[in-house]
Amino acid sequence: MNKRARNRLIGVTVILVISIGAIFMSVGATDGAYSRTVSDIVDKPEAVGERVKVTGTVVPGSWDGKSSPMTFDIRNEGATDGPVLSVVYTGAVPSTFGDEVTAIVTGVMNEEGIFESTDMKTKCPSRYESADNAISVASLFALGDSVVGKPVQLTGFVVAGTIKPPGGQVRFSIADEGGSPSIDIAYPDGALADGMEDGSQVVLGGEYDADSGLFKATSVAMAE
């Protein structure tokens, strides 16, 4: 093999090695952040200052949607006990955020053990329920006082542009097919069903509050 051919072979080999290394690096990290669990970084001094992506379940009652920046706690995904990571999040809160939602936060843990994040995504379990035994919004209003304060199943279609992040009193609105009548839904802390969007048919459990005119939901599911 002459010198020119040998140099060319060496150059090709170097390029291949660099390319393979880049592939492995991209598999291990996304946007410069390696994926970690809560257990991986809680009480781990070596994790301080490392940009990571942590997946965990939001601890019920640990957050306040009106606070800025928002603070909440997460545990290992699916766990109800074990290590807890406190998160300070600066950014737009996803509309699907809520108690027991899986939160995927990207950021850095500071020296106090607080995880500082500016990027968050959520994923919720898909929940489906039959609408066969649910009443329409028009039926709810027609029944009036006979259903006030009593458990009711209500169905309707999500009014476009009404889905809001958690923390406020009204979370979204639904209407009967055709767009009328409609009603505002109070569901401040709960997680919305995965895939819920404008126009989705939903099935709600809860009760009608005539004083406020709100339907206070205790559960939200997609219609089967």
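In my numbering, the protein residues as written are 12 to 235.
Built from N, CA and C at the ideal position, the CB exists for glycine as well.
Sorting T66, E61, P94 and V98 by C-alpha distance to the C-alpha of W74 places V98 at the top.
By the C-beta criterion, the stretch 124-134 is judged not to be in contact with the stretch 177-189, since fewer than 3 inter-stretch pairs fall below 8 angstroms. Closest in C-alpha terms to V169, from the list G201, S211, A153 and V69, comes S211.
Around the beta-carbon of G206, fewer than 16 other beta-carbon atoms lie within 10 Å, marking it exposed. Taking 8 angstroms as the cut-off, the beta carbon of T68 is found no closer than this to the beta carbon of R47. 8 angstroms or more divides the Cβ of V148 from the Cβ of A197. When the Cα atoms are used, I115 and T66 turn out to be separated by approximately 4 angstroms.
Here A142 is near T166, since their CB atoms are less than 8 angstroms apart. Per DSSP, reduced to three states, the secondary structure at S230 is strand. Taking all protein chains shown into account, V104 has 16 or more neighbouring C-beta atoms within 10 Å of its C-beta and is therefore buried.
In this model, S79 and Y100 are separated by some 8 angstroms (Cα to Cα).
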